[in-house]
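Scroll down for the structure; my scribbles are underneath it.
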Amino acid sequence: MSISSSHKIIAFSQLIFSLYIYRVHAQHFILNFSDEDFHNGFDNNSTNEDSYSENFGQTEPISDQDLDPGSWRPILELDHALTLYYSALKKMVSASSEGNFKLMEEAVMELNTSASFGDPHAQSVMGLVYEMGITREVNGDMSFLQHQLASEGGNIQSKMALAFRYIQLNMYDKAVQLYAEVAEAALNSFLISTDFSMVAPFRIHRGAEEDKYVLRRFRGEDDEDFKMLEYHAQIGKPSAMYKTGLFYYFSLRGLRHDHAKAVYWFTKAVEKGDLRSMEILGEIYARGIGVERNYSKAFECLTLAAQGGLDSAFTGLGYLYLKGYGVDKNYTMARECFENVSDNENPSGMYYLGMLYLKGIGVKRDVKQATKYFLVASNAGLPKAMYQMAKMLHAAAELKKNPNMLKLAAALYKSVAERGPWSSLSRWALEAYVKGDVGKAFLLYSRMSELGYEVAQSNAAWILDKYGERSMCMGVSGFCTVKERKERAHALWWRASKQGNDYAALHVGDAYYYGRGKEKDFVLAAEAYMYAKSQLNAQAMFNLGYMHEYGQGLPFDLSLAKSYYNQALENEPVSKLPIMLALARLWVRKNYVDVSIMVTLLLASLIPFCISGRSDPNAERSPRVLSVLTLHSLLLSLLLSPN
């Protein structure tokens, strides 16, 4: 790195900031800098290219298959198995669907053969095999080695798997390098301003229950709502044509990618004067995926949309002016377009304005102003802006040797990386689950969990707990035993809990409290409940109060017990009855020593309900439990009555 480049990076190292990052289901971030964080140290005079330069897109379109070499798409969506690797992978998926262990052994043998000849994609899947212990003993070292070889061979999914392992080992310097590579590849799959081309993973359960509402919305072309939408498109309603095009282009609601159908419906909607279809069709022509790239058509469509009053179309227009695609290059026009859309708080417009100020294109270079634009766009969830913030933090962290900055950079890179085309594994897993193919869904979610997707970790663990043998979980010599399934589920819940899933943390705590698949350990149970409590989980608060009350894994402290019970009541008023009973029990223990033992005995049968809570899918509506609660309330009232 040159001295001048180092001086430019110093500009970012001056961000001595209060940076807060809140995770919600391991997906969203909120970043905040105070005004003081921007004072002094910025190099605003240089207009040269630097390490933060953004190409604003590639010169040639890159297909999802090229971005994700070794993608499972050819066998999951296209049903192609043209190589030994894909033939073996297809057998592996079929074995999971059918519960055919012999076929699974055959698939793994073929994958191992292909991997031994240096196929990076087969090596990547062998990493999964050793991680899960499918027809092989679980071997973390061999799994790591296979992923390392695959990563060196260019397999993106193995890079993600390695990066996630480095995160688990607190080796953020290695994790951030890999996540940066994957995040950069993910950016190439986005349109100019429309970044929802990725498939966001969906949670198939809500606590211990299946989330039927989510599942009803993902039945693809068989879905009644989609059939009605397509009918309205066929009879000529522009808004229905536009939405139908979106469903096919971005593979929404369980539909498979069909760019040809998408472009057909967008074109039909444009003929009806639909401005949103003009905009997205312009972006599709600019990217050249699903159609032959044509910047002139892109400029025409975006111009019509902007002139028609669709402000968001100015982002695409600004991009074309900036690059000189389909129109003469004009930095002033580009800036005006981005400013126009930014006035309406459009995150894409703010991102591109930030890039202009960062590079000094058409404006005086101003890193402070660029960063402010990136922050607003990042907080709106725009992956491109999150990527730029990650790059800034990454550079500053390396210069200042600041581990906290490095962690934040890794978290931001990870969030962007998870939005690449490889996230479509989630859609195929969901499609399999909706169709009743639990084994296939479990395999695909297991693959995604290895790559670090928290929702997939939660889904895979839930399938093991919910379906048992029907999960088609396979071990060394056959289907997983009950013990093996519990151990795998525990490992998956544990990973999900470390990424902010409070229900998973509660589940881990229950495993240690009751000895479910693990030896009883009240101390570890308390640690897990404490983490869930930090995510404002009311059940965890109640459990901590109970453990303080009886000195289980935590110091005996009735005052702290009362504090936790009160917190649980504040966060979940619907559970008022059991919490009030617990508070009444505490009051009795403090004030009526002679009857405290009797009260404790009377309330003993509440323990399974109160301490396990949502871990029991029937706990909240069990008539027996409600009857017990009512009976104990009456007995307690009689016991404490002054007469």
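When you number the sequence shown by the UniProt record's numbering, it's gap-free, plus one each residue, and the end is 643.
Even glycine gets a Cβ: it sits at the ideal position worked out from N, Cα and C.
On a predicted model such as this, the values are computed, not experimentally measured, just so you know.
In three-state DSSP terms, what is residue i?
i: Met474; result: strand
i: Glu572; result: coil
i: Glu519; result: coil
i: Phe479; result: strand
i: Glu210; result: strand
i: His205; result: strand
i: Gly70; result: coil
i: Pro578; result: helix
i: Asn294; result: coil
i: Pro347; result: helix
i: Phe266; result: helix
i: Ile75; result: helix
i: Ile611; result: Caution is warranted here: a pLDDT of 45 is assigned to Ile611, below 50, making its placement in the model unreliable, and no coordinate value can be reported.
i: Arg365; result: coil
i: Phe144; result: helix
i: Val327; result: coil
i: Gln552; result: coil
i: Gln65; result: helix
i: Gly153; result: coil
i: Gly360; result: coil
Residue range of the alpha helix (DSSP H) that residue i falls in?
i: Gln535; result: Counting along the chain, Gln535 falls outside any alpha helix (DSSP H), and DSSP gives it neither H nor E.
i: Tyr331; result: Tyr331 to Ser342
i: Glu98; result: Leu84 to Glu98
i: Leu464; result: Glu454 to Tyr467
i: Thr315; result: Ala313 to Lys323
i: Ile280; result: Leu275 to Arg287
i: Asp502; result: Asp502 to Tyr514
i: Arg136; result: First-last for Arg136: undefined, no H or E at that position.
i: Arg447; result: Val438 to Glu450
i: Lys102; result: Phe101 to Ser116
Taking its Cβ as the centre, do 16 or more other Cβ atoms sit within 10 Å of residue i, making it buried, or is it exposed?
i: Lys440; result: buried
i: Val508; result: buried
i: Leu358; result: buried
i: Ile463; result: buried
i: Lys212; result: exposed
i: Asn591; result: exposed
i: Arg427; result: buried
i: Phe556; result: exposed
i: Asn170; result: exposed
i: Ile167; result: buried
i: Ser6; result: Per-residue confidence for Ser6 stands at a pLDDT of 41, beneath the threshold of 50, marking its modelled position as unreliable; the derived number appears in the next sentence. Flag for Ser6 reads exposed.
i: Gly318; result: buried
i: Ile235; result: exposed
i: Asn404; result: exposed
i: Asn543; result: buried
i: Arg206; result: exposed
i: Met580; result: exposed
i: Asn501; result: buried
i: Gly154; result: exposed
i: Cys610; result: Low per-residue confidence applies at Cys610: pLDDT is 49, beneath 50, and the placement is therefore not dependable enough to give any value.
i: Asp66; result: exposed
i: Leu356; result: buried
i: Ser189; result: buried
i: Ser534; result: exposed
i: residue 715; result: Shown here, the chain extends from 1 to 643; a query on residue 715 therefore has no answer.
i: Gly551; result: exposed
i: Gly326; result: buried
i: Gly420; result: buried
Answer yes or no: does any C-beta atom of chain B fall closer than 8 Å to that of residue i?
i: Val129; result: Going by chain labels, chain B is absent from the structure shown, which holds only one protein chain.
Would the region 285-298 and the region 256-270 be scored as touching if the rule is three or more Cβ pairs under 8 Å?
-> Cβ pair count under 8 Å is three or more, so yes.
Any alpha helix (DSSP H) of 4 or more consecutive residues that is wholly inside the region 157-195 = Along the length of the region 157-195, whole alpha helix (DSSP H) runs at least 4 residues long occupy 172-187, reported in chain order.
Complete alpha helix (DSSP H) runs within the region 370-428 (minimum length 4 residues, chain order) = Runs found: 383-400 and 403-417.
Check whether the region 103-119 touches the region 425-444, taking contact to mean three or more Cβ pairs, one atom from each stretch, closer than 8 Å.
-> Contact between the region 103-119 and the region 425-444 is not established, with fewer than three Cβ pairs separated by less than 8 Å.
Counting Cβ pairs, one atom from each stretch, are 3 or more of them under 8 Å apart for the region 323-337 and the region 226-235?
-> No, they do not touch.
Every unbroken alpha helix (DSSP H) within the region 219-258, with a cutoff of 4 residues, ordered by chain | When DSSP assignments are scanned along the region 219-258, the uninterrupted stretches of alpha helix (DSSP H) that are 4 or more residues long and fall wholly within it turn out to be 224-234 and 238-250.
Inter-stretch contact (C-beta, 8 Å, three-pair minimum) for the region 129-138 and the region 465-476 = Yes: at least three Cβ pairs fall under 8 Å.
With a cut-off of 8 Å, do at least 3 Cβ pairs link the region 158-167 to the region 476-493?
-> In short, these stretches do not touch, since the Cβ pair count stays below three.
Evaluate the contact criterion for the region 170-190 versus the region 206-221: three or more CB pairs, one atom per stretch, below 8 Å.
-> The way I'd put it, the region 170-190 doesn't touch the region 206-221; fewer than three beta-carbon pairs between them come closer than 8 Å.
Would you check if there are 3 or more beta carbon pairs closer than 8 Å linking the region 343-351 to the region 377-388?
-> Segment contact: the region 343-351 against the region 377-388, three or more CB-CB distances shorter than 8 Å; contact assigned.
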